[in-house]
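K.L.:
Before I ask anything, let me first share the structure, which is written out below as structure tokens.
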Amino acid sequence: MASALSGTARVAVLERENLPGYHATGRSAAILISSLGPPEIQALTQASLAFFKQDHGFGPKTPLLRARGLIMIAREDQREALAERAEEMLAHKRAVTLEAEEIRLRMPLLRPGYAVGGLYEAEARDIDLPGLMTLHREKLRHDGSELICNAEVFALQRHSGLWQLETAAGRFAAPVVVNAAGAWAEQLGALAGAAPLGLESLRRTGLFLEPPEGVTPEELPMVADVEGRFYLKPEAGRLMASPADSVLSLPGDVKPDPLDVALCLDRLRAAFDLPADLPARRLLSTWAGLRSFVADGVPVCGFDDRAKGFFWLAGQGGCGIQCSPALAALAGALIAGGPVPEGLDPEWFSPRRPGALG
Ligand SMILES: Cc1cc2nc3c(=O)[nH]c(=O)nc-3n(C[C@H](O)[C@H](O)[C@H](O)COP(=O)(O)OP(=O)(O)OC[C@H]3O[C@@H](n4cnc5c(N)ncnc54)[C@H](O)[C@@H]3O)c2cc1C
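The opening residue of the sequence shown carries number 1 in the working numbering; numbering runs sequentially from there.
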């Protein structure tokens with residue numbers, strides 16, 4: 001979001017770690033799925049597309065989005081869940097239905113007979129996350145703003161219209177503080193005397209697998225269980241998988257639970273024809289990250305009621321990367337003025353909206 005403001009204001013990004021993207025951002029699956037989440041999130045995703053497709057003059061010369069496609073698959077006992085999902089996705093023209101044979105043609109790794117039907121979202125795209133982060137860093141530098149790492153904020157107080165911040169990298173002063181502290185946003189809010197949001201962090205596990213011999217992952221779509229029990233997607237020559245777990249956790253540098261890894265491998269083996277030596281040789285790495293939510297699952301973007309000049313940019317859940325361009329533009333408009341992105345109502349994201357606090 002900092003680079004959305006740096007053209008009109010001087011911005012300092014204060015990051016506790018020694019590099020940006022160490023937490024949720026760097027641990028994501030980096031996919032854009034238009035049908036994901038409630039209508040507010042779908043509107044953010046739509047409003048973000050133009051940014052991803054535009055040439056900004058910064059960052060990589062290659063496009064930030066690459067075609068991937070997503071198939072949601074259902075077993076015989078999941079027909080009801082498939083019908084519910086289909087109603088929603090077909091109504092918004094976000095997907096088409098696929099028969100079992102069509103699914104196997106698109107995803108030959110799937111075990112014959114496992115999926116009886118599915119939904120295909122052709123518009124699901126890979127996001128070039130390193131490229132996106134480079135773009136923002138280059139824009140910040142170009143605009144004369146700064147990214148300061150090893151700068152944990154441990155105290156902040158407002159005096160004479162300015163926030164005074166005590167950080168591990170020294171003191172800073174600013175009229176506006178944007179709280180983009182991810183899973184720690186509630187803690188930072190408390191330091192500023194802001195009204196609590198009831199933010200919760202849910203741990204999610206990721207795995208990298210070596211693909212079976214003769215399989216070119218880049219040609220495969222992402223495949224997800226229709227009830228959210230697992231997903232599998234190509235990622236830089238490997239396969240990335242998750243049991244799509246959501247375990248309530250305290251903010252921190254979370255690690256994967258071996259039980260979630262085992263569960264993921266079991267579900268994958270049931271669905272896909274994967275080599276027998278899977279965990280021993282082909283499990284390349286595992287990790288976990290935190291997705292943070294308020295009660296209604298919609299991100300929070302707006303000034304706090306109690307703490308003047310304290311701006312929330314939190315609760316981005318499982319879609320913070322795909323929604324980041326529109327959410328950043330909305331935050332920029334609310335802080336510095338300017339047009340609100342088309343199709344968005346700032347009230348949907350207000351910390352005071354009914355439902356945000358449950
Ligand atoms: C496994 C997994 C898969 C995901 N897949 C996707 C996906 O495919 N698509 C998608 O769009 N989203 C996905 N997400 C969600 C996405 O990663 C998050 O919504 C997004 O990264 C949140 O960004 P953030 O900047 O709010 O949080 P973070 O990236 O966690 O950044 C917050 C930063 O604040 C810093 N910080 C905290 N407290 C302080 C302090 N006191 N002082 C200074 N710095 C501080 C932290 O060090 C951290 O770097 C996924 C998440 C996970 C875990």
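Ideal Cβ placement from N, Cα and C applies to all residues, glycine included.
Keep in mind it's a predicted model, so treat the numbers as computed, not measured.
Under three-state DSSP, which class holds ILE127?
P.N.:
In the structure shown, ILE127 sits in a strand (DSSP, three-state: E or B).
K.L.:
With distances taken between CB atoms, is the gap from ALA47 to LEU334 smaller than 8 Å?
P.N.:
Cβ distance not < 8 Å, so ALA47 and LEU334 don't count as in contact.
K.L.:
Should the segment 327-341 be called in touch with the segment 212-220, which here means at least 3 C-beta pairs below 8 Å?
P.N.:
They do not touch, by the three-pair rule.
K.L.:
What separation, rounded to the nearest whole angstrom, lies between the Cα atoms of PRO130 and GLY113?
P.N.:
Roughly 38 Å between the two C-alpha positions.
K.L.:
Should ILE31 be listed as close to ligand 1, given that the test is whether its C-beta is under 7 Å from any heavy atom?
P.N.:
For ligand 1, at least one heavy atom lies less than 7 Å from the Cβ of ILE31.
K.L.:
Once you ignore the five residues that flank VAL153 on each side, which residues in its own chain have a CB closer than 6 Å to its CB?
P.N.:
Correct list, in chain order: LEU14, LEU165, THR167.
K.L.:
The beta strand (DSSP E) spanning LEU359 covers which residue range?
P.N.:
Nothing can be reported for residue 359: it is not among the residues displayed for the chain, which extend from 1 to 358.
K.L.:
By the three-class DSSP mapping on this structure, what secondary structure does PHE303 have?
P.N.:
Residue state, collapsed to three classes: strand.
K.L.:
Please list the terminal residues of the continuous alpha helix (DSSP H) segment that includes GLU76.
P.N.:
Per DSSP, GLU76 belongs to no alpha helix (DSSP H) and is neither H nor E.
K.L.:
Can you tell me whether HIS23 sits near ligand 1, meaning its C-beta is under 7 Å from at least one heavy atom of the ligand?
P.N.:
Checking every heavy atom of ligand 1 against the Cβ of HIS23, one is found closer than 7 Å.
K.L.:
Measuring only from the beta carbon, is GLY317 closer than 7 Å to any heavy atom that is part of ligand 1?
P.N.:
GLY317 Cβ: within cutoff of ligand 1.
K.L.:
Considering LYS233, what are the terminal residues of the beta strand (DSSP E) in which it resides?
P.N.:
Start and end: 231-235.
K.L.:
Would you call the CB atoms of ALA183 and SER28 closer than 8 Å?
P.N.:
No.
K.L.:
My assumption, with CB atoms under 8 Å, is that PHE310 sits in contact with ASN179. Please give the rounded CB distance.
P.N.:
The pair is a contact, with the Cβ atoms about 7 Å apart (cut-off 8 Å).
K.L.:
Residues bridged to PHE272 by DSSP?
P.N.:
Bridge partners of PHE272: LEU110.
K.L.:
Decide if the segment 218-227 is in contact with the segment 69-82; the criterion is three or more beta carbon pairs, one per stretch, under 8 Å apart.
P.N.:
As far as the Cβ criterion goes, the segment 218-227 touches the segment 69-82, which means the pair count is three or higher.
K.L.:
Give me the DSSP bridge partner(s) of THR205.
P.N.:
THR205 pairs with ALA288.
K.L.:
Use the C-beta contact count for GLY359: other C-beta atoms within 10 angstroms, 16 or more gives buried, fewer gives exposed.
P.N.:
The requested residue 359 does not occur in the structure, where the chain is confined to residues 1 to 358.
K.L.:
Tell me which same chain residues have a C-beta within less than 7 Å of the C-beta of VAL176, skipping the five on either side of it?
P.N.:
Once the five neighbours on either side are set aside, the close Cβ partners of VAL176 are GLY309, PHE311, ILE335.
K.L.:
Between ALA307, ARG137, PRO299, GLU342, which lies nearest to HIS159 when the distance is taken from Cα to Cα?
P.N.:
Answer by Cα proximity: ALA307.
K.L.:
Return yes when the C-beta of VAL297 is under 7 Å from any heavy atom of ligand 1, and no when it is not.
P.N.:
What sits at residue 297 in the sequence shown is Gly, not Val. Not so, every heavy atom of ligand 1 lies at least 7 Å from the Cβ.
K.L.:
Determine the contact status of GLU123 and TRP348, defining contact as a CB-CB distance below 8 Å.
P.N.:
No. Outside cutoff.
K.L.:
Taking contact to mean 3 or more Cβ pairs, one atom from each stretch, closer than 8 Å, check whether the segment 191-203 and the segment 282-297 are in contact.
P.N.:
The segment 191-203 is in contact with the segment 282-297.
K.L.:
Quick one: grab the DSSP three-state call for SER48.
P.N.:
Helix, per DSSP.
K.L.:
Using the three-state DSSP reduction, which class does THR62 fall into: helix, strand or coil?
P.N.:
It is coil, neither helix nor strand.
K.L.:
Can the beta-carbon of LEU207 be found closer than 8 Å to that of VAL261?
P.N.:
Yes, Cβ-Cβ distance for LEU207 and VAL261 is below 8 Å.
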